[in-house]
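Asks: Numbering (my numbering), first residue to last: 32 to 677.
Beta carbons are placed, not taken as given, at the ideal position from N, Cα and C, and that holds for glycine.
Quantities reported herein were computed from a predicted structural model and do not represent experimental measurements.
Below is the structure I would like to discuss, written out as structure tokens.
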Amino acid sequence: MARTPAGSPPDPRGAERFNEERAAYTIKGSQPDLEAGVAAIREVHATLKPKPGVYRMLDARGEVLYVGKARALKNRVANYIQVDRLPLRLKRMVAQTRSMVIVTTNSEAEALLLEAQLIKRYRPAYNVLLRDDKSFPFILLRAEHDFPRIMKHRGARKAKGNYYGPFASAGSVNTTINALQKLFLLRSCTDSFFARRDRPCLLYQIKRCSAPCVGRIDAAGYAELVGEAKDFLGGKSSAVQRKIEAQMTEAAESLDFERAAMLRDRLRAATFIQGSQAINAEGLGNADIFAMAEKGGHIGVQAFFIRGGQNWGHRAFFPGHTEGLTAEEVLTSFLAQFYEEVPPPRCILVDRDLPEADLLAEAFREGAGGKVEISVPQRGDRRRLIEQASRNAVEALERRLAESGTKARLNRELAEFLELPEPPQRIEVYDNSHIQGANALGAMIVAGPEGFVKGQYRKWNIKTAQTNDDFAMMREVFQRRFARVQEEDPDRDGGMWPDLVLIDGGKGQMSAARDTLEDLGIEDVPLIAIAKGPHHGREGREVFHFPDGREKMLPVNSPLLFHLQRLRDEVHRFAIGAHREKRSRAISASPLDEIPGIGPARKRALLLHFGTASKVRAASLDDLQRAPGVSAAVAQTVYDFYHPGG
32 MARTPAGSPP
42 DPRGAERFNE
52 ERAAYTIKGS
62 QPDLEAGVAA
72 IREVHATLKP
82 KPGVYRMLDA
92 RGEVLYVGKA
102 RALKNRVANY
112 IQVDRLPLRL
122 KRMVAQTRSM
132 VIVTTNSEAE
142 ALLLEAQLIK
152 RYRPAYNVLL
162 RDDKSFPFIL
172 LRAEHDFPRI
182 MKHRGARKAK
192 GNYYGPFASA
202 GSVNTTINAL
212 QKLFLLRSCT
222 DSFFARRDRP
232 CLLYQIKRCS
242 APCVGRIDAA
252 GYAELVGEAK
262 DFLGGKSSAV
272 QRKIEAQMTE
282 AAESLDFERA
292 AMLRDRLRAA
302 TFIQGSQAIN
312 AEGLGNADIF
322 AMAEKGGHIG
332 VQAFFIRGGQ
342 NWGHRAFFPG
352 HTEGLTAEEV
362 LTSFLAQFYE
372 EVPPPRCILV
382 DRDLPEADLL
392 AEAFREGAGG
402 KVEISVPQRG
412 DRRRLIEQAS
422 RNAVEALERR
432 LAESGTKARL
442 NRELAEFLEL
452 PEPPQRIEVY
462 DNSHIQGANA
472 LGAMIVAGPE
482 GFVKGQYRKW
492 NIKTAQTNDD
502 FAMMREVFQR
512 RFARVQEEDP
522 DRDGGMWPDL
532 VLIDGGKGQM
542 SAARDTLEDL
552 GIEDVPLIAI
562 AKGPHHGREG
572 REVFHFPDGR
582 EKMLPVNSPL
592 LFHLQRLRDE
602 VHRFAIGAHR
612 EKRSRAISAS
622 PLDEIPGIGP
632 ARKRALLLHF
642 GTASKVRAAS
652 LDDLQRAPGV
662 SAAVAQTVYD
672 FYHPGG
């Protein structure tokens, strides 16, 4: 088979593989057949009733093509049978459809919520997709302790306590928590750390905690601070500031200058929070603001999050699969998916009228705990906020398009330099990390057309290579990674096969990876190894090793060189971070961890009673049974583990 110099054979599908919108509609498992698709839909339509619900279009392999909701399923599905009235995009979908799944609901609002859940689960090729659907961070005041802890929280809100958010980024949460610690002196440590303290930690010394762990503040005093924090985060910041000012004045008049200075620092922290979050949203309370921008077939959505009249951050989103849809349809689908996990506020401001605004408001009612208003402001402060969001949306979209153009150009240059048939859309980069073979770990990062795809990063604990052998480690990582993808995606239509593999290493690592892939029968994955050149320290040069033994270098100031170095540095960062985490776990591990059936509570009880794991091992059965919190059965389990012969 003819191969490109980078080790990849020419790909006859190259022209369509690397266009994002077209790749989304790739036929899976069968050729498009409009008549067959209409026949399948007509068969389902005959069984439907005019009830609200959700329908899923499936292709021949059972992959979800589209998720839709309807007030009357029978009427909505009938539209797909009238193919002459369908746009080209939906004709392609019907031509791929071979079956449907129907779920009826009690109302159209329920159907809307279910539709959003299914879109996020299946990410269908023909639905508008909220690409940046990473969970938003919140501030959590936990309520499961006498002295509640303030902390950052992501994910499902299962823990008891008060949640405040969403914040636009982890950075904005961290900044706010730091300021809140100075303002209210609330603890941020874990419960186990709290229970072990016998003297104040550093946070008390730098006036960011009131040290309830060692009794520097009683429960009533701490509860007062917690109440002030809830008021402040709930929008009553002015009242909290006035209260602190009065306390500071009282302390100064009574010549308690140390307390007055502490209150002054708290007041400064309150001013800092308000100053960093000010956005002239007085009287707005809790609200989210959305504005859209369109350019060159691309859409950007700018969101502002207002809580208690304060700006808790903003973020730009760029929905995918928007071809052939109106801006109103895109924004409606975007909002439904956005609030599928994030609790909606009672007020949502948008920059255009939405045909299904009332339906969205009804669907959001339960999550918001009351009536939700979706409106388009026409004048006043609310209109100015919408205009500000619109300007930000335009600027964010222009930056996005400029960055996309730069990345596309770099991808074309990358394909030319590495002699690939097409610009790569999925790049995998590999590295190992260990210290003299100890705690060895392999790592992979993934880069796509829009940057790093962190949800697809992977790491492997090295099992077979026990010595300081980087080549053996690389062989194991490639064996495990590509043997699995061969099993899970043999047809290579699941998007998990790389278009380019970069290896952080030289000729040895290249040979190990190449030989491993050949043993697996894989000969069409381009491989390149990137190694530090002989003058790396002085000039920043890198040497690129090809599978056939050739080497190439790039000019010192080449943007492509910087791009490849960034890919290499990212996998290096990820590998080292994962290795450090593994090493820390190994250092803090206890021999008691190896005993089956012994959990953290029993392990803690044994260590508190005996002092060390070696003393637990040397203890008699009677001594083990006398340990507090250790039952006779557990004591027998521990004794039998260390004395298998009796």
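Measuring alpha carbon to alpha carbon, tell me which of E387, R107, R152, V669 ends up nearest I133.
Replies: Cα-wise, what sits closest to I133 is R107.
Asks: Report the option in A103, E418, A147 whose CA atom is closest to the CA atom of T78.
Replies: The residue with the shortest Cα to Cα distance from T78 is A103.
Asks: On the criterion of 16 or more Cβ atoms from any shown chain inside 10 Å, does I237 qualify as buried, or is it exposed?
Replies: Exposed is the call here.
Asks: Is it buried or exposed, Y673, if we count other Cβ atoms within 10 angstroms and call 16 or more buried?
Replies: So Y673 counts as exposed.
Asks: What's the gap between the Cα of E387 and the Cα of Y194?
Replies: Answer to the nearest angstrom: the Cα atoms are 29 Å apart.
Asks: When we look at the beta-carbon of N492 and count the other beta-carbons within 10 Å, is it buried (16 or more) or exposed?
Replies: Looking at its Cβ environment, which holds fewer than 16 other Cβ atoms inside 10 Å, N492 is exposed.
Asks: Count the other CB atoms within 10 Å of the CB of H705; is the residue buried (16 or more) or exposed (fewer)?
Replies: No statement about residue 705 is possible, as the shown extent of the chain runs from 32 to 677 and does not include it.
Asks: When you compare only the Cα positions, how much space is there between T230 and S219?
Replies: At residue 230 the sequence reads Arg, which differs from the Thr that was named. Rounded to whole angstroms, R230 to S219 spans 16 Å at the Cα level.
Asks: Once DSSP output is grouped into helix, strand and coil, what is the label at Y111?
Replies: If DSSP states are grouped into helix, strand and coil, Y111 belongs with the helices.
Asks: So what does DSSP say about R218, is it helix, strand or coil?
Replies: Coil at R218, not helix or strand.
Asks: Quick one: Cα of A324 to Cα of A201, how far?
Replies: The alpha-carbon atoms of A324 and A201 are separated by roughly 25 Å.
Asks: Taking C-beta to C-beta, are N317 and P376 nearer than 7 Å?
Replies: In this structure, P376 lies closer than 7 Å to N317 by Cβ.
Asks: Can you check the segment 358-389 for any alpha helix (DSSP H) of at least 4 residues that lies completely inside it and give the ranges in chain order?
Replies: As far as the segment 358-389 is concerned, its whole alpha helix (DSSP H) runs of at least 4 residues are 358-369.
Asks: May I ask you to list the residues that DSSP assigns as paired with D535?
Replies: According to DSSP, D535 bridges with I561.
Asks: In the DSSP assignment, find the unbroken beta strand (DSSP E) run with Q333 in it and report its ends.
Replies: First-last of the beta strand (DSSP E) with Q333: 329-338.
Asks: Less than 8 Å between C-beta atoms, sequence neighbours within five positions excluded: which residues of the same chain meet that for L591?
Replies: L441, E444, L445, F448, L585, listed in sequence order.
Asks: Any idea what DSSP makes of S241, helix, strand or coil?
Replies: Coil at S241, not helix or strand.
Asks: What is the residue span of the beta strand (DSSP E) that S130 lies within?
Replies: First-last of the beta strand (DSSP E) with S130: 130-135.
Asks: Could you compute how far the alpha carbon of G84 sits from the alpha carbon of E139?
Replies: The alpha-carbon atoms of G84 and E139 are separated by roughly 7 Å.
Asks: Is it the case that the Cβ atoms of F336 and P452 are separated by a distance below 7 Å?
Replies: Contact flag unset, no.
Asks: Taking the Cβ atom as the reference point for each residue, do L595 and P578 lie within a distance shorter than 7 Å?
Replies: No, these two residues do not count as a Cβ contact at 7 Å.
Asks: Name the two residues that bound the continuous alpha helix (DSSP H) containing G25.
Replies: One cannot answer for residue 25 here, as it falls past the ends of the chain, which runs 32 to 677.
Asks: Less than 7 Å between the beta carbons of G331 and A420, yes or no?
Replies: The answer is no: Cβ separation not under 7 Å.
Asks: Just to confirm my understanding: we take R338, look at its own chain, exclude 5 residues before and 5 after, and list those with CB closer than 6 Å. What are they?
Replies: Correct list, in chain order: N317.
Asks: Output the distance between the C-alpha atoms of D462 and E554, rounded to the nearest integer angstrom.
Replies: So the alpha carbons of these two residues sit roughly 21 Å apart.
Asks: In the segment 82-110, which residue ranges form an unbroken beta strand (DSSP E) of at least 3 residues, counting only runs that do not cross its ends?
Replies: For the segment 82-110, whole beta strand (DSSP E) runs of length 3 or above, ordered along the chain, are 84-89, 95-101.
Asks: Expressed to the nearest angstrom, what Euclidean distance is found between the alpha-carbon atoms of A199 and E601?
Replies: The straight-line gap from Cα to Cα measures roughly 24 Å.
Asks: Relative to the alpha-carbon of A126, which residue among L160, M279, M88 has its alpha-carbon at the smallest distance?
Replies: Nearest C-alpha to A126: M88.
Asks: Alpha carbon to alpha carbon, how far is E204 from R410?
Replies: Sequence inspection shows Val at residue 204; the Glu mentioned does not correspond to that position. Each residue's alpha carbon lies about 32 Å from the other.
Asks: What are the boundary residues of the beta strand (DSSP E) that includes K326?
Replies: Its beta strand (DSSP E) spans residues 318-326.
Asks: Please go through the same chain and pick out, in chain order, the residues whose beta-carbon is closer than 7 Å to the beta-carbon of Y670, but skip the five residues on each side of it.
Replies: If we look at Y670 and ignore the five residues flanking it on each side, its Cβ neighbours are L652, L655.
Asks: Quick test of your reading: I170 and I208, contact by CB under 8 Å. State the CB separation rounded to the nearest angstrom.
Replies: Contact flag correct, Cβ pair sits at about 6 Å.
Asks: Quick check on the burial criterion: 16 or more other C-beta atoms within 10 angstroms. Buried or exposed for T357?
Replies: Exposed, since its Cβ has fewer than 16 Cβ neighbours within 10 Å.
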